[in-house]
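See structure below.
Number of protein chains: 2
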Amino acid sequence: MTTQIFFALSDPHRQEILLRLARGGPQTTLTLLKGIGATRQGATRHLSILEEAGLVKSEKRGREIIREFNPEAVTLAQQWFADLEHAWDSRLDRLRQQYEQE
Amino acid sequence: MTTQIFFALSDPHRQEILLRLARGGPQTTLTLLKGIGATRQGATRHLSILEEAGLVKSEKRGREIIREFNPEAVTLAQQWFADLEHAWDSRLDRLRQQYEQE
DNA sequence: CTAATATGCAACTGATATGTTGCATATCTC
DNA sequence: GAGATATGCAACATATCAGTTGCATATTAG
Numbered sequence: 001m002t003t004q005i006f007f008a009l010s011d012p013h014r015q016e017i018l019l020r021l022a023r024g025g026p027q028t029t030l031t032l033l034k035g036i037g038a039t040r041q042g043a044t045r046h047l048s049i050l051e052e053a054g055l056v057k058s059e060k061r062g063r064e065i066i067r068e069f070n071p072e073a074v075t076l077a078q079q080w081f082a083d084l085e086h087a088w089d090s091r092l093d094r095l096r097q098q099y100e101q102e
Numbered sequence: 103m104t105t106q107i108f109f110a111l112s113d114p115h116r117q118e119i120l121l122r123l124a125r126g127g128p129q130t131t132l133t134l135l136k137g138i139g140a141t142r143q144g145a146t147r148h149l150s151i152l153e154e155a156g157l158v159k160s161e162k163r164g165r166e167i168i169r170e171f172n173p174e175a176v177t178l179a180q181q182w183f184a185d186l187e188h189a190w191d192s193r194l195d196r197l198r199q200q201y202e203q204e
């Protein structure tokens, strides 16, 4: 699950798109296009990847689609990092305990 | 810079390798192999990707190479998420202020 | 010196990603 | 209804990735 999130964030275009959505709020594809060096199809593809990863929600309104940043997915990724750091820290703790016993 | 980190983490094998390094401490390639369904060359490739992203440090000792988890790269990625959340939160704040002025 | 061990390098295959183009569909506006 | 707008779908070329295989190199152990 987190692999999808990390993959979505491994592209500079998608990072930029997500930042714009977080800063600027819900927007259509075309609004997002302006300021990003990408074609419409390219942006659409990036948006669908972000959406599959759960980082973006979309809502169809008439002929246009409103894309919105979804902060929930971010906590998943942060949790993964927290687990990693916990694994690291608890190893250091174990080492220190062993050392103090000698 | 963070794109490389996220890319490195977008593969389940590499996630697993990194967790093992954090839990088990410095190890050689062959030690890491046991328990992961991958060939030596596959694991080597994954390790070099993790290293290019800064998530793993390596040190040559005699004929073997000791790979080690590098926690510094993790803070970079966490900072990126923090910036994203800050962009999101400050937008919500702005909306709330606008609302209260009416 | 010889064996075994740990690793590197290079080539190859199949799969996936990225970006582009052309055409089709649905909705809004006038 | 006609034209403009927002989007979808599909095909294609190029690049990169993942995984495998075979051979070469360097270091250690006996």
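Those protein sequences? They're chains A and B, same order as listed. The opening residue of the first sequence carries number 1 in the working numbering; numbering runs sequentially from there. The opening residue of the second sequence carries number 103 in the working numbering; numbering runs sequentially from there. Positions of the beta carbon are idealized from the N, C-alpha and C atoms, including for glycine.
Item: Status (buried if at least 16 other CB within 10 Å, exposed otherwise) for T177(B); Value: exposed
Item: Proximity of E51(A) and S58(A) at Cβ, strictly below 8 Å; Value: yes
Item: Contact list for the stretch 90-102 of chain A against chain B, Cβ threshold 7 Å; Value: R91
Item: Bridge-paired residues (DSSP) for R163(B); Value: E166(B)
Item: Beta-carbon proximity list for Q15(A), same chain, < 7 Å, skipping 5 on both sides; Value: L9
Item: Neighbourhood of P128(B) by C-beta, 6 Å cutoff - its chain only, sequence neighbours within 5 removed; Value: I168, E170
Item: Rounded straight-line distance, which links the Cα of R142(B) to that of V56(A); Value: 37 Å
Item: Residue(s) in a DSSP beta bridge with V176(B); Value: Paired residues: none, contrary to the question.
Item: Outcome for L194(B) when other beta-carbon atoms lying within 10 angstroms are tallied against a minimum of 16; Value: exposed
Item: Proximal residues to L135(B) (C-beta, below 7 Å), its chain only, five neighbours per side dropped; Value: R142, A145
Item: Residues, ordered as in the chain, of the stretch 122-146 of chain B that lie near chain A by beta-carbon distance below 8 Å; Value: A124, R125, G126, G127
Item: Start and end residues, alpha helix (DSSP H) containing T29(A); Value: 29-33
Item: Interface flag, A175(B) vs chain A, CB-CB below 8 Å; Value: no
Item: Interface positions of the stretch 156-182 of chain B facing chain A (Cβ-Cβ less than 7 Å), listed along the chain; Value: F171, P173, V176, A179, Q180
Item: H188(B) classed as buried or exposed, judged by whether at least 16 other C-beta atoms fall within 10 angstroms; Value: exposed
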